[in-house]
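Engineer:
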DNA sequence: AACCAGTGCAACCGCTTCTTT
DNA sequence: TAAAGAAGCGGTTGCACTGGT
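Numbering (UniProt numbering), first residue to last: 1 to 161.
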């Protein structure tokens, strides 16, 4: 049996306070990311490492865009989702300043509905092929330097002209 | 003004993958 | 090569906020 990542009784849960945010970002600015397991103790936080990592990546990390997605971003998410499926971290990697959590939330709350309204089943990405998109072999078009660990796809999406 | 349903976002949970020994 | 530990990821949940009645 694996130990839990943290002792639940000794950790705070729920929303982060300003003080906690400050401690976390101060610590990371000083020491850099890494070793999330030991970070909370070192930073003086009563949080588990997972929680710290998530908070940093999704909220505190510099360069994050907040607010609405632009049309171009929306379009790119749809295309990448058609190509990659629910691989949110890969999709987010193509959207500067966006996080996997943000992309996932946006997909689930906005884009899925939008596609359904358009008569597209979001679970069947290849239907997009009939809506002005073709999936072709080869990568260069969208400048996708996807580095997939297991099944590296050799496909990309290109706009039908 | 009060209630309720719908929505969006932040955070948690548990599984998978990667790394180290 | 296998096992254990750490990190990463995606699914899901909880709650605050908003708009409609």
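Cβ atoms here follow ideal geometry from the backbone N, Cα and C, with glycine treated the same way.
Bear in mind the structure is a predicted one, so any value in this text is a computation, not a measurement.
Need the endpoints of the alpha helix (DSSP H) that residue 33 sits in, please.
Structural biologist: Note, residue 33: premise wrong, no alpha helix (DSSP H); not H, not E.
Engineer: Alpha carbon to alpha carbon, how far is residue 14 from residue 59?
Structural biologist: When rounded, the separation of the alpha-carbon atoms in residue 14 and residue 59 is 14 Å.
Engineer: Looking only at its own chain, which residues have a Cβ that is under 7 Å from the Cβ of residue 12, when we skip the five neighbours before and after it?
Structural biologist: 46, 47
Engineer: Do the segment 102-113 and the segment 67-82 meet, that is, are 3 or more Cβ pairs less than 8 Å apart?
Structural biologist: Here the segment 102-113 makes contact with the segment 67-82; the two share three or more CB pairs at distances below 8 Å.
Engineer: Take residue 20 as the anchor and find which of 86, 35, 116, 41 has the nearest alpha-carbon.
Structural biologist: 41
Engineer: Residues in the same chain with beta-carbon distance under 6 Å from residue 53, minus the five sequence neighbours each way, listed in chain order, please.
Structural biologist: So the qualifying residues of the chain are 36.
Engineer: Are the beta-carbon atoms of residue 23 and residue 44 separated by less than 8 Å?
Structural biologist: For residue 23 and residue 44, yes; Cβs fall inside 8 Å.
Engineer: Does DSSP put residue 48 in a helix, in a strand, or in coil?
Structural biologist: coil
Engineer: How would you call residue 38, buried or exposed, if buried means at least 16 neighbouring beta carbons within 10 angstroms?
Structural biologist: exposed
Engineer: Measuring only the C-alpha atoms, how far is residue 66 from residue 102?
Structural biologist: 9 Å
Engineer: Skipping 5 residues on each side, what residues in its chain have a beta carbon closer than 7 Å to that of residue 72?
Structural biologist: none
Engineer: Please go through the same chain and pick out, in chain order, the residues whose beta-carbon is closer than 7 Å to the beta-carbon of residue 63, but skip the five residues on each side of it.
Structural biologist: Non-local C-beta neighbours of residue 63 in its own chain, meaning closer than 7 Å and more than five positions away in sequence, comprise 97, ordered along the chain.
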